[in-house]
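In what follows, a single structure is set out as structure tokens and then discussed.
2 protein chains.
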Amino acid sequence: MTDKPVLYSYFRSSCSWRVRIALALKGIDYETVPINLVKDGGQQFSEDFQTLNPMKQVPALKIDGIVIGQSLAIMEYLEETRPTPRLLPQDPQKKAIVRMISDLIASGIQPLQNLSVLKQVGQEKQLPWAQKVITSGFNALEQILQSTAGKYCVGDEVTMADVCLAPQVANAERFKVDLSPYPTISHINKALLALEAFQVSHPCRQPDTPAELRA
Amino acid sequence: MTDKPVLYSYFRSSCSWRVRIALALKGIDYETVPINLVKDGGQQFSEDFQTLNPMKQVPALKIDGIVIGQSLAIMEYLEETRPTPRLLPQDPQKKAIVRMISDLIASGIQPLQNLSVLKQVGQEKQLPWAQKVITSGFNALEQILQSTAGKYCVGDEVTMADVCLAPQVANAERFKVDLSPYPTISHINKALLALEAFQVSHPCRQPDTPAELRA
């Protein structure tokens with residue numbers, strides 16, 4: 001018998017990676033059910049999965065008898081029910097800044113460069129489209145981080161903002177975005193990738209990572 | 001001397017409307033600074049406004065000595081610092097569902113049909129593009145709401161999910177989305193629009209609403 005949380009995840013999905021980082025930071029043991037977003041026309045479109053998450057997206061987390069979709073909602077739930085270590089500062093104003101940065105990435109950048117949008121944009125326009133939305137978001141993010149960052153996005157503790165940042169930088173690299181105009185983002189990302197929670201949850205180290213992409 | 005919060009808002013922006021509803025529900029008095037997203041090539045691109053919100057987007061709220069961007073981060077801050085009346089249920093599982101629905105709209109629908117994306121899509125493709133993303137999101141939302149809704153999105157109390165819902169339905173109407181497949185969404189929306197907080201905050205009743213659109 002197990003009551004382990006079950007994470008529906010795709011190795012390459014940056015939103016799935018966010019939740020994997022949060023689970024790792026909090027030391028929560030879980031099972032992974034891989035949902036391949038490209039194989040079989042997209043396993044997220046299967047009837048079984050649609051029943052679980054009508055948005056037909058990963059991640060979704062089955063936990064404590066409910067299924068939660070949307071990575072930030074999942075992280076907020078983990079924060080409420082498994083508060084240690086904290087992913088949100090206690091100070092309400094710092095907390096607001098962490099959530100603002102998280103939302104900037106989760107609403108302002110990632111949705112505009114995800115797989116389903118790029119499909120609609122058309123093959124030859126995908127790369128410039130993705131580069132434009134990431135660059136535009138990173139221009140804002142760099143400016144914000146210059147006044148909020150310590151070792152990480154907001155001060156010297158890892159927060160939800162960092163959990164969103166590293167996967168978005170990985171997307172930027174995948175879309176060949178020039179990161180040289182973003183020294184603060186790059187510096188924080190490097191510090192994050194040195195942490196165990198970001199390493200064990202990395203796309204190159206998941207149960208569904210194809211052999212040729214493993215590291 | 002005033003310490004009133006200042007809301008940078010555009011009458012038609014659905015994300016600005018979310019914050020106006022939240023402020024009205026909580027009975028928080030505030031000043032509006034209109035930022036016209038189309039006039040003068042977009043006032044959000046002015047140097048002054050970019051300094052305030054590097055994302056060059058409305059809403060932004062100046063409150064308690066800080067400026068917060070991103071509507072959900074703003075609402076979470078209001079909830080922490082002005083908790084009555086609640087916009088989030090106390091039960092962590094219900095709270096997770098409220099946040100999931102809010103994020104579904106705020107990350108999964110609205111960003112894909114906002115002004116800056118539609119500009120990139122090109123004039124003749126704008127309407128079908130917007131209709132497709134809203135329809136796809138509403139298909140999921142209708143299914144979720146069928147099991148969570150009471151009088152409103154989650155049970156019988158107005159929550160952050162409702163604050164996100166009504167402005168998104170207004171966008172759907174503006175893009176001529178057929179709402180007949182969404183009886184639950186439509187029913188909740190009707191109940192919400194009957195509430196004073198949704199009426200005083202409505203796009204047709206703002207300081208910057210053009211005379212011909214006022215009601």
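Top line first, the protein sequences correspond to chains H and S. Here the first sequence is numbered in the UniProt record's numbering, starting from 1 and rising by one per residue. Here the second sequence is numbered in the UniProt record's numbering, starting from 1 and rising by one per residue. Glycine included, each C-beta is placed from N, C-alpha and C at the ideal position. All of these numbers come straight from a predicted model, not from anything done at the bench.
- The alpha-carbon separation between G122 of chain S and I28 of chain H amounts to approximately 46 angstroms.
- From the listed residues S:L87, S:M75, S:Q70 and S:S16, the smallest Cα separation to S107 of chain S is found for S:Q70.
- For L7 of chain H, the three-state secondary structure derived from DSSP is strand.
- The C-beta of P92 of chain H comes closer than 8 angstroms to at least one C-beta of chain S.
- Three or more Cβ pairs drawn from the segment 161-177 of chain S and the segment 5-16 of chain S lie within less than 8 angstroms of each other, which places the two stretches in contact.
- Listed in chain order, the beta strand (DSSP E) elements of length 3 or more contained wholly in the segment 58-132 of chain H are 60-63 and 66-69.
- Within the model, the alpha-carbon separation for N114 of chain H versus A197 of chain S is close to 35 angstroms.
- In the three-state reduction of the DSSP assignment, T32 of chain H falls in the strand class, which pools E and B.
- Excluding five sequence positions before and after K151 of chain S, the CB atoms of its chain that fall closer than 7 angstroms to its own CB belong to A191, given in chain order.
- At a cut-off of 8 angstroms, the C-beta of S107 of chain H has a neighbouring C-beta in chain S.
- DSSP places P183 of chain S in the uninterrupted alpha helix (DSSP H) bounded by P183 to L193.
- Among the bridge pairs identified by DSSP, G155 of chain H is matched with H:A149.
- In this structure, K95 of chain S keeps its C-beta atom at 8 angstroms or more from the C-beta atom of E79 of chain H.
- The residues W17, R20, I21, L23 and A24, in chain order, have a CB closer than 8 angstroms to that of S201 of chain H in the same chain once the five nearest residues on each side in sequence are set aside.
- Within the model, the alpha-carbon separation for P111 of chain S versus E76 of chain H is close to 21 angstroms.
- With its beta carbon at least 8 angstroms from every one in chain H, I134 of chain S lies outside the interface.
- Across the structure, T148 of chain H and D103 of chain H are spaced so that their CA atoms are roughly 15 angstroms apart.
- In the DSSP annotation of this structure, the continuous segment of the alpha helix (DSSP H) that includes A197 of chain S starts and ends at E196 to V200.
- Here DSSP, grouped into helix, strand and coil, assigns T135 of chain S to helix.
- Q131 of chain H places its beta carbon 8 angstroms or farther from that of T184 of chain H.
- For R174 of chain H, the enclosing alpha helix (DSSP H) stretches over residues M160 to R174.
- Taking a Cβ-Cβ cut-off of 7 angstroms, E124 of chain H has no neighbours in chain S, whose nearest Cβ is about 15 angstroms from it.
- Taking a contact as a CB-CB distance under 8 angstroms, the pair E157 of chain H and P89 of chain H counts as one, their CB atoms being some 7 angstroms apart.
- P85 of chain S and K26 of chain S have their C-alpha atoms spaced approximately 6 angstroms apart.
- With fewer than 16 other Cβ atoms from the protein chains shown falling within 10 Å of its own Cβ, K39 of chain S counts as exposed.
- Interface criterion not met: the Cβ of D156 of chain H is under 8 angstroms from no Cβ in chain S.
- Beyond the five residues adjoining it in sequence on each side, N36 of chain H comes within less than 6 angstroms, by CB distance, of Q43 in the same chain, given in chain order.
- For A149 of chain H, no Cβ of chain S is located within less than 8 angstroms of the residue's own Cβ.
- It is roughly 24 angstroms from the alpha-carbon of C204 of chain S to the alpha-carbon of Y182 of chain S.
- Looking at S:Q50, S:L7, S:L52 and S:P54, the one whose alpha-carbon comes closest to that of E31 of chain S is S:L7.
- In this chain, the alpha helix (DSSP H) harbouring L25 of chain S covers S14 to L25.
- In the three-state scheme derived from DSSP, where H, G and I count as helix and E and B as strand, D48 of chain S is classed as helix.
- For I101 of chain S, the CB contacts under 8 angstroms within the same chain, skipping 5 residues up- and downstream, are L141, I144, L145, T148, C153, V154, A161, C164 and L165 in chain order.
- By the C-beta density criterion, K4 of chain H is exposed, having fewer than 16 other C-beta atoms within 10 angstroms.
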